[in-house]
Amino acid sequence: MNTKKVTIKDVAKEAGVSIATVSYVINKIDKVADDKIRRVNEAIEKLKYEPNLAARSLVKREARIIAVITSAEDRISLLTANPFFHEFINGVEFRCRKSGYSTLIMGINDNEKFTSIIKGGNISGVIVTGYISKDKIKMLNDVTFPTLMLDQEKDSDNFIYLNTQDEKGAFLATEYLIKKGHKNIGLLTGQLWESPVYRSRFDGYRAALEKNGIKFIEDYVFQTQISYEGGVDIAKQVIPSIGKMTSLFCASDIVAIGLIKELYHHNVYVPKDLSVIGFDNIQNSKYFIPELTTISQNIFEKGEKAAELIISKLDNTYKSTDNEFIIPVSLVERESVLNL
Numbered sequence: 001m002n003t004k005k006v007t008i009k010d011v012a013k014e015a016g017v018s019i020a021t022v023s024y025v026i027n028k029i030d031k032v033a034d035d036k037i038r039r040v041n042e043a044i045e046k047l048k049y050e051p052n053l054a055a056r057s058l059v060k061r062e063a064r065i066i067a068v069i070t071s072a073e074d075r076i077s078l079l080t081a082n083p084f085f086h087e088f089i090n091g092v093e094f095r096c097r098k099s100g101y102s103t104l105i106m107g108i109n110d111n112e113k114f115t116s117i118i119k120g121g122n123i124s125g126v127i128v129t130g131y132i133s134k135d136k137i138k139m140l141n142d143v144t145f146p147t148l149m150l151d152q153e154k155d156s157d158n159f160i161y162l163n164t165q166d167e168k169g170a171f172l173a174t175e176y177l178i179k180k181g182h183k184n185i186g187l188l189t190g191q192l193w194e195s196p197v198y199r200s201r202f203d204g205y206r207a208a209l210e211k212n213g214i215k216f217i218e219d220y221v222f223q224t225q226i227s228y229e230g231g232v233d234i235a236k237q238v239i240p241s242i243g244k245m246t247s248l249f250c251a252s253d254i255v256a257i258g259l260i261k262e263l264y265h266h267n268v269y270v271p272k273d274l275s276v277i278g279f280d281n282i283q284n285s286k287y288f289i290p291e292l293t294t295i296s297q298n299i300f301e302k303g304e305k306a307a308e309l310i311i312s313k314l315d316n317t318y319k320s321t322d323n324e325f326i327i328p329v330s331l332v333e334r335e336s337v338l339n340l
């Protein structure tokens, strides 16, 4: 005999609605159409589902907090040292305020704190940025509130995914360098095993080389921490290749800025000695000298979109039949690439 406990997910699947909708019906919150209420109640009766009292109290308290989870241990340094994250958070907070939600930024290295916050009933939804372990993913799979995965490969129907056209952007960047006469093009990226973002940007870089009949040279691929300091630290590995390698696609603006600054201290100048193109179009990129040519994604709007998707789930206005959304990219031409 099958003694598996019926969960709220089972009810949602049987009724053909979201987990949030089941929660609203159970707690008699007036946000659900009559047809959905009927289907949920029929599913509860059919499956003999017994609502969890703790879960019911969680919904009744109507906590209006969206948590942004990051793998960074120090939240303050993340906001000050990572311009991408800072702009993204600004977008999240702006959209949350419009709908009466507040934002909580939390690290995930503290397992006890993570568990306490996720299961404590004080948050309405979660946006996950960066790497997250399988045990934490499993925990998020079991909660009733909506979860959005930022820049992650889709592997669950229970989450919303928000990504960028990373491969296309890298292709555009590399092909732009080729059109400017460059044939010996390097790549400065994050650790390829660490993030699907950098794997996709690597794939776009290689695809552009291949399309244009340019040989891929493994020695021209440099991996470092994606940060200003990562760009500074990798400069000593990049310098010996300059001369043979005439240009470099950096998979992030902030690492490009760190690299350019350190090259300057070694009397290597961009774009005279090395052309550089970045990715992200962070605010700093247009105020730097030289102004950085880059691939743009609207980071603020990406933050707004992440919050909007979570809130639409909570408000039962989520219209999409899919759970994956893509932010478009475009080329922004400035001063850091030389026309050979």
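Residues 1 to 340 (full-length UniProt numbering) make up the sequence shown, in order. We treat Cβ as the ideally placed atom computed from N, Cα and C, and that holds for glycine. All of these numbers come straight from a predicted model, not from anything done at the bench.
Residues near residue i by beta carbon distance below 8 Å, same chain, minus five either side
i: Val232; result: Gly258, Leu259, Lys261, Glu262
i: Met106; result: Ala67, Val68, Ile69, Thr70, Arg75, Lys113, Phe114, Ile117
i: Asn323; result: Lys154, Asp157, Phe159, Ile160, Tyr161
i: Gln283; result: Pro83, Glu87
i: Ile123; result: Ala63, Ile65, Ile66, Ala67, Leu104, Ile117, Phe145
i: Ile295; result: Gly169, Ala170, Leu172, Ala173, Ile277, Gly278, Phe279, Asp280, Asn281, Val329, Ser330, Leu331, Val332
i: Asn184; result: Ile217, Tyr220, Lys244, Met245, Thr246, Ser247
Beta-carbon separation (whole angstroms), residue i vs residue j, contact threshold 8 Å
i: Ile89; j: Gly125; result: Actually they are not in contact, since the Cβ atoms of Ile89 and Gly125 sit about 15 Å apart, beyond 8 Å.
i: Thr70; j: Val40; result: About 34 Å; that fails the 8 Å criterion.
i: Ser285; j: Asp253; result: 5 Å
i: Gly278; j: Cys250; result: 5 Å
i: Leu309; j: Leu162; result: 7 Å
i: Leu248; j: Val268; result: No, Leu248 and Val268 are not in contact; Cβ-Cβ is about 11 Å, not under 8 Å.
i: Asp219; j: Ser241; result: 7 Å
Of the listed residues the options, nearest to residue i (C-alpha basis)
i: Glu210; options: Phe171, Thr224, Val197; result: Phe171
i: Ile214; options: Met245, Leu162, His266; result: Met245
i: Gly186; options: Ala208, Gln165, Val197; result: Ala208
i: Ala307; options: Lys168, Arg206, Met149; result: Met149
i: Glu87; options: Phe325, Asp280, Lys313, Glu333; result: Asp280
i: Lys319; options: Thr294, Val6, Ser18, Glu333; result: Ser18
i: Tyr205; options: Thr174, Glu291, Pro290; result: Thr174
i: Arg64; options: Val128, Arg95, Phe288; result: Arg95
i: Asn316; options: Val32, Lys48, Gly16; result: Val32
i: Ile289; options: Ile127, Arg334, Glu304, Val92; result: Arg334
i: Ile178; options: Gly120, Thr294, Asn212; result: Asn212
Distance between residue j and residue i (C-alpha atoms, nearest Å)
i: Arg201; j: Thr189; result: 8 Å
i: Leu331; j: Ser23; result: 44 Å
i: Ala55; j: Thr144; result: Note that Ala55 has pLDDT 49, beneath the 50 cutoff, so the model's placement of it is unreliable and the number below is only indicative. Each residue's alpha carbon lies about 8 Å from the other.
i: Thr147; j: Thr103; result: 14 Å
i: Lys60; j: Ser336; result: With a pLDDT of only 49 at Lys60, under 50, the local geometry of the prediction cannot be trusted, and the value read off the model is given with reservation. C-alpha separation (whole angstroms): 55 Å.
i: Lys180; j: Val197; result: 26 Å
i: Ile132; j: Leu340; result: 43 Å
i: His266; j: Val238; result: 11 Å
i: Glu14; j: Gly100; result: 32 Å
i: Leu53; j: Ile26; result: Unreliable placement is indicated for Leu53, whose pLDDT of 46 sits below 50; the coordinate value is still reported in the next sentence. Leu53 and Ile26: Cα-Cα distance of roughly 10 Å.
i: Tyr176; j: Pro271; result: 14 Å
i: Gln223; j: Phe216; result: 16 Å
i: Val255; j: Gln152; result: 21 Å
i: Val6; j: Lys98; result: 37 Å
i: Glu291; j: Tyr264; result: 14 Å
i: Ile311; j: Glu42; result: 27 Å
i: Lys136; j: Asp142; result: 10 Å
i: Lys36; j: Gly120; result: 28 Å
i: Ile299; j: Lys134; result: 27 Å
i: Ser195; j: Gly16; result: 33 Å
i: Ile44; j: Asp34; result: 15 Å
i: Leu47; j: Glu304; result: 38 Å
i: Gly243; j: Tyr287; result: 27 Å
i: His182; j: Thr293; result: 15 Å
Nonlocal neighbours in the same chain, by C-beta distance under 6 Å from residue i, ignoring five residues either side
i: Ile327; result: Thr164, Gln297, Lys302
i: Asp203; result: Glu167
i: Gln225; result: none
i: Asn82; result: none
i: Lys313; result: Ala20, Pro146
i: Leu338; result: Pro271, Ser275
i: Ile234; result: Phe222, Thr224
i: Tyr49; result: Val6, Val11
i: Val128; result: Ile69, Met149
i: Arg199; result: Leu192
i: Ser57; result: Residue confidence is low: Ser57 scores 44 on pLDDT, short of 50, so the model does not pin down where it sits. Its coordinate-derived value is still stated next. Counting only Cβ-Cβ distances below 6 Å, and skipping sequence neighbours, we find nothing.
i: Gly130; result: Thr70, Ser71
i: Glu93; result: Thr103
Own chain partners of residue i with C-beta closer than 7 Å, once the 5 adjacent residues on each side are dropped
i: Met1; result: Because the pLDDT of Met1 is 41, which lies under 50, any placement of that residue in the model is unreliable, and the number read from its coordinates should be weighed accordingly. Excluding residues within five positions, none has a Cβ falling inside 7 Å.
i: Lys9; result: Ile19
* Mind pulling the alpha helix (DSSP H) runs of 4 or more residues that sit fully within the region 188-244? -> 196-211, 228-238
Within the region 233-299, note down every full beta strand (DSSP E) run reaching 3 residues or more, in order along the chain. 247-250, 275-280, 293-296
Within the region 109-161, note down every full beta strand (DSSP E) run reaching 3 residues or more, in order along the chain.
-> 125-129, 147-150
**Study point:** Any alpha helix (DSSP H) of 4 or more consecutive residues that is wholly inside the region 293-340
**Key:** With a minimum length of 4 residues, the continuous alpha helix (DSSP H) runs that stay inside the region 293-340 are 299-314.
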